[in-house]
Amino acid sequence: MITSRELESRLLASAALYDREVQPIRDLDRRIMARVAITPKAEGRRPTLKRELVWSTVLAAAVLGLAIAVVVGIRSGILHQPNPAPVKQSPTPSLPPAPGAAVFVSDTFFVSSQVGWIESDASAGHTPTIYKTTDGGQHWQAQVQFVGGNALQQMLFQGNDGLLVGYDGNPTYRTTDGGAHWQRMSLPQVVSGEGGGAEPIWFKNPYEGWYFGLLPQTYYDNLCGTLGCSFAAIFHTVDGGAHWTQLPRFKPTDAFPNGAGHGQLRFRDDLNGWFVVGSDLYATHDGGKSWRRANLKLPAIGQNEQARIAEPPHFFNNQQGLLVVRSGAQSNLFCLTPGCYKTNAPPSTLYLYTTNDSGDHWAGPAELPTIGSVGFNEMYGFGDVFFLDADHYWMVAGQTVVTTTDGGKHWTIHTHVVLPSVSLSRPDFLSTTQGWVVGTSQPSAQALPETALYRTTDGGAHWVLVTTPGS
Amino acid sequence: MVKDEDRSWFEPLVRTLSHPALKYAQILVLNTDIAQEIVQEAFARVWASPRTPSREEEFRRWLYRTIANLATDYHRHQAIGARVALPSPPYEDPIKRVEERDQRQMLLEAVKRLSPRARQAVYLRYFEDRSFAETARVLGLPQVTVRVMVHRALGKLRERLESRSTDEVAV
Chain A
5 MITSRELESR LLASAALYDR EVQPIRDLDR RIMARVAITP KAEGRRPTLK RELVWSTVLA
65 AAVLGLAIAV VVGIRSGILH QPNPAPVKQS PTPSLPPAPG AAVFVSDTFF VSSQVGWIES
125 DASAGHTPTI YKTTDGGQHW QAQVQFVGGN ALQQMLFQGN DGLLVGYDGN PTYRTTDGGA
185 HWQRMSLPQV VSGEGGGAEP IWFKNPYEGW YFGLLPQTYY DNLCGTLGCS FAAIFHTVDG
245 GAHWTQLPRF KPTDAFPNGA GHGQLRFRDD LNGWFVVGSD LYATHDGGKS WRRANLKLPA
305 IGQNEQARIA EPPHFFNNQQ GLLVVRSGAQ SNLFCLTPGC YKTNAPPSTL YLYTTNDSGD
365 HWAGPAELPT IGSVGFNEMY GFGDVFFLDA DHYWMVAGQT VVTTTDGGKH WTIHTHVVLP
425 SVSLSRPDFL STTQGWVVGT SQPSAQALPE TALYRTTDGG AHWVLVTTPG S
Chain W
408 MVKDEDRSWF EPLVRTLSHP ALKYAQILVL NTDIAQEIVQ EAFARVWASP RTPSREEEFR
468 RWLYRTIANL ATDYHRHQAI GARVALPSPP YEDPIKRVEE RDQRQMLLEA VKRLSPRARQ
528 AVYLRYFEDR SFAETARVLG LPQVTVRVMV HRALGKLRER LESRSTDEVA V
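In order, the protein sequences belong to chains A and W. Position in the first sequence (first residue = 1) + 4 = the working numbering. Position in the second sequence (first residue = 1) + 407 = the working numbering.
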């Protein structure tokens with residue numbers, strides 16, 4: 005039996021072998037520059053090196069100042085909060101124990117205090133499995149193995165109807181009897197079963213979803229070169245993927261300049277949708293036939309920072325919605341606590357944008373609280389924030405839970421709700437009081453993280469450990 | 408009109424990154440000629456974009472994503488052909504098989520048989536020795552997804568290596 009560590013060191017050694025296999029091509033650089041010489045630049049402003057240097061200096065000073073502030077902040081236990089929203093500090097509760105479960109909880113979905121599902125991916129290469137509880141987590145029943153494609157992107161339940169959607173929609177499983185039976189659903193008939201964008205598929209509920217599919221039709225232009233690009237179309241389903249309706253095709257490189265392959269798709273209804281690429285927000289109001297870039301006033305950032313939309317528009321009804329922009333330094337600066345999950349992600353700032361007119365106009369940016377030195381894990385993105393409705397939000401990072409009950413006017417910070425070795429993520433709230441969160445700890449840099457599930461019944465001030473399969 | 412034709416900032420990046428880019432493209436498409444074409448096309452695209460960063464690390468991420476997109480397009484085109492005629496299993500030369508008994512070579516061959524997406528993740532994580540965070544950033548996926556992807560890939564590699572060893576013992 006080959007151990008994981010052994011396999012990993014063999015893989016690292018294989019890199020040298022691969023290096024010998026792929027020899028440098030003598031005139032490749034010349035051919036690249038020849039291709040570049042005949043390639044016109046698209047219009048736009050490139051930051052000059054001089055400008056970058058100035059910004060680098062400013063950033064370096066800012067980083068130094070920030071580092072000092074963080075250290076002082078940690079020593080004095082001060083948490084930064086945006087003005088003018090006042091913040092209440094909750095008393096430290098008794099701490100639930102650290103994770104130790106054998107399974108890796110990567111997603112949760114509760115439809116009541118007793119009934120819920122988790123996706124569990126055991127750490128040693130075991131099969132990802134969906135478990136269901138009907139008694140608040142005292143017992144779990146393995147329902148289906150989520151296999152046959154990519155990792156799980158979305159898990160949705162409503163009554164007895166449920167949908168498990170993998171990245172790229174591959175695979176998608178559907179149940180209509182509470183999970184007793186599952187049926188694998190087909191994607192629209194596109195070229196390879198993969199769509200455009202990093203998240204080409206998205207479901208609003210277990211019934212209605214959209215898919216950004218690439219068609220087996222190619223076009224050639226300056227951008228697509230001799231290889232060509234695939235035409236795209238939006239597909240819509242209202243029966244959990246049993247049937248898909250295709251809308252007129254379009255050229256994704258025209259519709260989404262600078263990143264047709266990287267975006268995330270969201271729709272509010274069958275006409276209004278968005279595609280997010282970095283900090284660009286593209287909107288459609290005709291079901292995906294045409295797209296235009298939405299006007300979003302991004303927060304001011306330095307040269308070595310980036311601002312990007314952490315989550316596409318999220319609507320609570322036909323009028324009210326929000327989206328979140330994250331900004332922060334691009335480079336890895338520091339990782340001061342064990343709870344920052346070894347990503348060395350720098351503290352980043354979240355900004356809230358709201359709309360009351362169906363997304364025609366977005367008000368913002370309004371800065372959301374930053375949680376001390378931990379910040380929000382950049383790679384986890386929206387998974388660290390949960391919006392129940394237009395008033396009630398929760399954000400988690402490290403051992404801290406931040407919550408508002410008035411749409412961000414006032415915030416309450418609950419610190420040290422779990423042990424220092426645990427880092428919280430993926431808050432999931434059923435009501436203003438009942439919620440769940442995944443706690444992650446990492447025994448060592450080489451080991452896989454371990455997870456556990458925590459539950460609150462008081463809106464996030466106190467948490468108790470919920471039994472998970474294998475724990 | 409073209410506003411910025413100064414290529415002086417671009418050439419050093421081509422010199423530094425053309426070979427790493429070629430290796431990355433080749434592990435994705437497993438064809439030297441196609442990999443070279445993709446690398447040229449990718450550099451041309453990042454040159455054309457006014458928003459391409461000029462700092463090397465950011466530039467590299469941008470370039471790698473472009474390469475991955477082009478490789479995906481290439482696989483899609485291949486998929487059209489595959490509908491018409493499924494490729495036959497590769498012929499395994501017995502002499503070559505003996506040569507491949509070298510464990511690293513066997514492992515490299517096993518990596519090449521992973522799905523394109525898993526290959527990308529394994530290549531960035533182990534062949535370029537990048538952290539999970541950096542790998543996730545290049546792939547544009549959540550880190551937890553990349554961890555899961557890599558660990559599933561390791562499971563497949565382990566299975567293939569062990570079944571290969573069993574085959575050889577049986578022979």
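Virtual Cβ for every residue (Gly too), placed ideally from N, Cα, C. Just so you know, these numbers come straight off a predicted model, no measurement behind them.
Can you list, in chain order, the residues of its chain whose CB lies under 8 Å from that of residue i, leaving out five sequence neighbours each side?
i: W/G547; result: R472
i: A/L251; result: A237, I238, F239, H240, G291, G292, K293
i: A/G412; result: A89, L356, A370, L372, Y397
Would you say residue i faces chain A, with C-beta separation under 8 Å as the test?
i: W/A528; result: no
i: W/L531; result: no
i: W/E463; result: no
i: W/L514; result: yes
i: W/V446; result: yes
i: W/V518; result: yes
Three-state secondary structure (DSSP) at residue i?
i: A/W295; result: coil
i: A/T222; result: strand
i: W/W469; result: helix
i: W/W454; result: helix
i: W/R414; result: coil
i: A/F239; result: strand
i: A/F150; result: coil
i: A/N336; result: Any reading at A/N336 must be qualified, since the residue scores a pLDDT of 31, below 50, and its modelled position is unreliable; no value is offered.
i: A/Y211; result: coil
i: A/S435; result: coil
i: W/P439; result: Note on identity: in this sequence residue 439 of chain W is Thr, with Pro being the wrong assignment. W/T439: helix per DSSP, three-state reduction.
i: W/R559; result: helix
i: A/E10; result: helix
i: A/P316; result: strand
i: A/A394; result: coil
i: W/P496; result: Here W/P496 scores only 30 on pLDDT, less than 50, and its place in the model should not be relied on; the value that follows carries that caveat. DSSP places W/P496 in coil when its eight states are reduced to three.
Which chain W residues are close to residue i, counting only those with a beta carbon under 9 Å from its beta carbon?
i: A/M37; result: R414, F417, E418, V421, F450
i: A/S11; result: Contrary to the premise, residue 11 of chain A reads as Leu rather than Ser in this sequence. Within 9 Å Cβ-Cβ: L514, L561, L564, R565, L568.
i: A/V389; result: Near A/V389 there are no residues of chain W at all, since even the closest Cβ is about 14 Å away, more than 9 Å.
i: A/S110; result: V551, T552, V555
Compare the C-beta of residue i with all C-beta atoms of chain W and state if any pair is closer than 8 Å.
i: A/I122; result: no
i: A/A89; result: A caution first: A/A89 carries a pLDDT of 42, below 50, which makes its placement in the model unreliable, though a value can still be read off. Not closer than 8 Å to any Cβ of chain W, the Cβ of A/A89 fails to qualify, so no.
i: A/V329; result: no
i: A/V107; result: no
i: A/N360; result: no
i: A/N226; result: yes
i: A/V40; result: yes
Taking residue i as the query, report the chain W residues whose CB atoms sit under 8 Å from its CB, ordered along the chain.
i: A/Y171; result: L548, T552
Can you list, in chain order, the residues of its chain whose CB lies under 7 Å from that of residue i, leaving out five sequence neighbours each side?
i: A/F4; result: Residue 4 of chain A is absent from the model: chain A starts at 5 and stops at 475.
i: W/V553; result: A528, F539, T542, A543, L546
i: W/T439; result: Q433
i: A/D395; result: T409, D410, G411
i: A/H365; result: T359
Cβ closer than 9 Å: which chain A residues qualify as neighbours of residue i?
i: W/F534; result: L15, L16, S18, A19, Y22, D23
Less than 6 Å between C-beta atoms, sequence neighbours within five positions excluded: which residues of the same chain meet that for residue i?
i: A/S98; result: For A/S98, the predicted structure reports a pLDDT of 45, less than 50, and the residue's modelled location is therefore unreliable. A value from the coordinates is still provided. Result list for A/S98: empty, nothing under 6 Å.
i: A/T165; result: According to the sequence as given, residue 165 of chain A is Asp; it is not Thr. Result list for A/D165: T180, P210, in chain order.
i: A/A367; result: T358
i: A/R178; result: L167, Q187, M189, G244
i: A/L354; result: V328, R330, L372
i: W/A560; result: L521, A525, V529
i: A/R35; result: none
Counting only C-beta atoms, is residue i closer than 8 Å to chain C at any point?
i: W/R565; result: Although the question refers to chain C, the structure presented lacks it and instead comprises the protein chains A and W.
Name the chain A residues that come within less than 8 Å of residue i, Cβ to Cβ?
i: W/L586; result: Given a span of 408 to 578 for chain W in the structure shown, any question on residue 586 of chain W remains unanswerable.
Which residues in chain W have a C-beta closer than 7 Å to the C-beta of residue i? List them in chain order.
i: A/S8; result: L561
i: A/T43; result: A451, W454, A455
Interfacial residues, the stretch 17 to 29 of chain A to chain W, with Cβ spacing under 7 Å = Within the stretch 17 to 29 of chain A, those residues whose Cβ lies closer than 7 Å to any Cβ of chain W are, in chain order, A17, S18, A19, L21, Y22, V26, P28, I29.
ask   = Mind listing which residues of the stretch 147 to 169 of chain A have their C-beta closer than 7 Å to chain W's C-betas, in chain order?
value = Contact residues of the stretch 147 to 169 of chain A toward chain W are A155 (C-beta to C-beta distance below 7 Å).
ask   = Going along the chain, which residues of the stretch 412 to 431 of chain A sit with their C-beta nearer than 7 Å to a C-beta in chain W?
value = For the stretch 412 to 431 of chain A, the set of positions with a beta-carbon nearer than 7 Å to some beta-carbon of chain W is empty.
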